[in-house]
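Chemist: Residue numbers (UniProt numbering): 1 to 283.
Yeah, the Cβ is synthetic: ideal placement off N, Cα and C, and Gly gets one too.
Handing you a structure now.
Printed below as a string of structure tokens:
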């Protein structure tokens, strides 16, 4: 090979790597296989990405990264959990492109089903898998839309190096919105309010409270009081609106004031419409 041909080959390898994100050696091999035809090499690597995807379909992808974004007007939020075999590939351009394209589909193209999202992301997923030689997939996704045109807002928060993500839809704008999203990330409340607790869960806790109350005292009146107190403690611990807002608790305690609950921090004019939290897969 002449020096000029060598320079052309190096330039083509760089072009192919920029276009596909594939490793340098893979780019070189692809160009050699198709006589340095760039378009043909791109197609070859895309086919290889599909082959890698098929070969790794049954592999476990347990290293998760949460990505989220809000629409420009703050009324729609999209979130997805991207999974791979190792966390070393999370910073790869092709993997990040999967996340960016996925969020675009969720927010701008109104994709609402995760299976549909995976279908729409197939080209990007195949390219990513061909580039990093690992299984890459989207484990779950969510979209929240604010109600009340013009007043509702969605807030978002990423925590712990993007291991935990939260979307929170409120009926109106609130200065406490982001703090409440942060609270949800930290406390992981399973229910919004006491009236949203699953009936089966409430019945179970009622039985537990009554049994403990009977053990505590023979007095039926005191038993009722103890059982009610235990149920109240359960809802305060597990229901978002009744929880003490963690971002203000320490400061309020230091000042001698009673820490506010999430509901008190929001005030009477703004309500929580919905929230969703993605945490570690093993959580």
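#1: Count the other C-beta atoms from every protein chain shown that fall within 10 angstroms of the C-beta of residue 54, then say buried if there are 16 or more, exposed otherwise.
#2: Kindly list the residues whose CB is nearer than 7 Å to the CB of residue 174, restricted to its own chain and excluding five residues on each side of it in sequence; keep chain order.
#3: Which same chain residues, not among the five before or five after residue 63, have their C-beta less than 8 Å away from its C-beta?
#4: Looking at C-alpha atoms only, which residue of 229, 278, 158 and 176 is the closest neighbour of residue 260?
#5: Ignoring anything shorter than 3 residues or poking outside the segment 137 to 181, list the beta strand (DSSP E) runs there in chain order.
#6: Which runs of the alpha helix (DSSP H) fall wholly inside the segment 220 to 259 and span at least 4 residues, in chain order?
#7: Give the straight-line distance between the Cα atoms of residue 235 and residue 166, rounded to the nearest whole angstrom.
#8: Beta-carbon separation of residue 152 and residue 75 under 8 Å?
#9: According to the neighbour-count rule (16 or more other Cβ atoms, all chains shown, within 10 Å of its Cβ), is residue 282 buried or exposed?
#10: Mapping the DSSP letters down to three states, classify residue 14 as helix, strand or coil.
#11: Three-state secondary structure (DSSP) at residue 54?
#12: Tell me where the beta strand (DSSP E) around residue 69 begins and ends.
#13: Just mark residue 141 as buried or exposed, buried being the case when its beta carbon has 16 or more other beta carbons within 10 Å.
#14: Compute the Euclidean distance between the alpha carbons of residue 278 and residue 44, then round it to the nearest angstrom.
#15: Taking the beta carbon of residue 180 as the centre, do at least 16 other beta carbons fall within 10 Å, making it buried, or is it exposed?
#16: Under 8 Å between the Cβ atoms of residue 38 and residue 80?
#17: Please confirm whether residue 240 and residue 184 have their CB atoms less than 8 Å apart.
#18: Considering residue 77, what are the terminal residues of the beta strand (DSSP E) in which it resides?
#19: Could you check what DSSP says for residue 204 in three-state terms: helix, strand or coil?
#20: Provide the residue span of the alpha helix (DSSP H) that contains residue 115, from first to last.
#21: For residue 158 versus residue 66, is the C-beta distance shorter than 8 Å?
#22: State the Cα-Cα distance for the pair residue 200 and residue 207, rounded to the nearest angstrom.
Modeler: Reading off the structure:
#1: Its pLDDT being 49, under 50, residue 54 is placed unreliably by the model, and nothing is read from it.
#2: Close CB contacts of residue 174 within its chain, under the 7 Å cut and outside five residues either way in sequence, are with 266 and 270 (chain order).
#3: Same-chain partners within the cutoff: 83, 84, 85, 86, 87 and 90.
#4: For residue 260, the nearest C-alpha among the options comes from 176.
#5: Complete beta strand (DSSP E) runs here, min 3: 153 to 159 and 164 to 170.
#6: Runs of the alpha helix (DSSP H) inside the segment 220 to 259: 220 to 238 and 246 to 255.
#7: Going from the Cα of residue 235 to the Cα of residue 166 covers about 21 Å.
#8: Yes, the pair counts as a contact, with Cβ atoms nearer than the cut-off.
#9: It counts as exposed.
#10: Secondary structure at residue 14: helix, using DSSP grouped into helix, strand and coil.
#11: Residue placement at residue 54 is poorly supported in this model, since its pLDDT is 49, which falls under 50; the coordinates still yield a value, given next. Residue 54: helix per DSSP, three-state reduction.
#12: Per DSSP, residue 69 belongs to the beta strand (DSSP E) from 63 to 70.
#13: When all chains shown are included, residue 141 counts as buried.
#14: Per the coordinates, the alpha-carbon of residue 278 lies some 36 Å from the alpha-carbon of residue 44.
#15: With 16 or more Cβ atoms within 10 Å of its Cβ, residue 180 is classed as buried.
#16: Going by beta carbons, residue 38 and residue 80 fall outside the 8 Å limit.
#17: Against a cut-off of 8 Å, the Cβ pair of residue 184 and residue 240 comes out as a contact.
#18: Segment 76 to 84, the beta strand (DSSP E) holding residue 77.
#19: Residue state for residue 204 is assigned as helix, using DSSP reduced to three classes.
#20: Residue 115 -> alpha helix (DSSP H) spans 114 to 120.
#21: Yes; because the gap between Cβ atoms is below 8 Å, this pair is in contact.
#22: Cα-Cα distance, rounded: 11 Å.
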